[in-house]
Every structure is written in structure tokens, then in C-alpha cells.
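Okay, structure first, notes after.
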């Protein structure tokens, strides 16, 4: 619902066209903003969805996530794949959620450290990025604007995280 409401200018979740959540239906890749000005990527994944997906270490700091494919063929120009490929260049955060007993569990804020033939390798960021309005190697990434915020967190981000204990612990 949040994704749909972010696209309607008469919705309480409307924050302007730069804050629309784009998505690939049933694929689990969502992004905030328009190419090339992506604010963040939201990944929702279920264990076993793709053979290459999953944790790569016991500490749960390295995660492999498969590119979107149609009938086994990866189109690297597809918007969902482009937001993954461009992350190391633009430095926006990737918020990773995994399915846990039919609820989405926030795993943390990640960045891409390797791009493979069929997947990207994500590494958990030590700290949650500072939130400002830039997307370059030297600047942190904004997830909120001055209006429609709650405690300096953008409403959309707040909606995703308000009752998620792991996000609250991560920020503290």
C-alpha cells in the first residue's frame, strides 16, 4: 500500500515526484526516486527465492542478492538491475528486509561491494547513513525532507521502520 500511496498526489504519503517509490511487482526490488537521482533502494527477499540469494557469513553482514531475471535471462538495463549496479557509484543506501515467519525483518543498511554475473554482494554498513540531500561518494544520503517528517525521518522511512526493533537498535 505504501508503494501505491507514494505515487498519488492526493495521498497522505505523497512527498512529491522525487519521492515516489518505484518497484518491480513481485520481484522485491523497490527504489525511491528517479534515475539517476535515486535516494535509496529497498530489497525484500525470501530464503530460497533464487539459488544465489542468502547470507554468506555467520555474522550476517554479507548477503548475496540475485539480479532480476525474466525466464532466466538478466537484462542489465532493466530499472531494477540498474539501481543495484549504480549503487557503488551514487552511494545510496540499500535497506534489506528478509521474510521471517510471514513478516518482513529489517536486516540493516547495506552497500554493494561486488557485482557478479548473476548477483550482487551486499555488505552491512557499520552505521546508518547520515541523512542529507546528496548522492555522491563524499556525501551521505537523505531519506527525508524537511516537510512531512517525524523526528527528522521521512514519513516513508518511518512507516517502514516504526515498529521494527532492529532498526531502532541500529539507529541507537
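Numbering (the working numbering), first residue to last: 7 to 178. Yeah, the Cβ is synthetic: ideal placement off N, Cα and C, and Gly gets one too.
With 16 or more neighbouring CB atoms inside 10 Å of its own CB, residue 87 falls in the buried class. Within the DSSP secondary-structure output, residue 72 pairs in a beta bridge with 125. Looking from the CA of residue 116, the closest CA among 27, 52, 61 and 54 belongs to 61.
For residue 105, the CB contacts under 6 Å within the same chain, skipping 5 residues up- and downstream, are 52 in chain order. A check of alpha carbon separations from residue 49 across 72, 65, 57 and 40 identifies 72 as the nearest. The beta-bridge partner set that DSSP reports for residue 89 is empty. The C-beta distance from residue 128 to residue 69 rounds to 4 Å, short enough to fall under 8 Å. Per DSSP, the beta-bridge partners of residue 51 are 104. Residue 117 is bridged by DSSP to 129.
The beta carbon of residue 37 sits closer than 6 Å to those of 28, 44, 47 and 89, all from its chain and outside the five residues before and after it, given in chain order. DSSP lists 38 as the beta-bridge partner residues of residue 46.
Take residue 130, set aside five residues on each side of it, and the residues of its chain with a beta-carbon closer than 6 Å to its own are 67, 114 and 116, in chain order. The Cβ neighbour count for residue 132, taken over all protein chains shown within 10 Å, is under 16; the residue is labelled exposed. Listed in chain order, the non-local C-beta contacts of residue 77 below 6 Å within the same chain number zero, local neighbours out to five positions each way being set aside.
Residue 94 and residue 123 have their C-alpha atoms spaced approximately 16 Å apart. If you ignore the 5 residues before and after residue 111, its C-beta comes within less than 6 Å of the C-beta of 104, all in its own chain and listed in chain order.
Counting the other CB atoms within 10 Å of its CB gives residue 119 a total below 16, which places it among the exposed residues. Distances from the alpha-carbon of residue 92 to those of 107, 102 and 126 put 126 closest.
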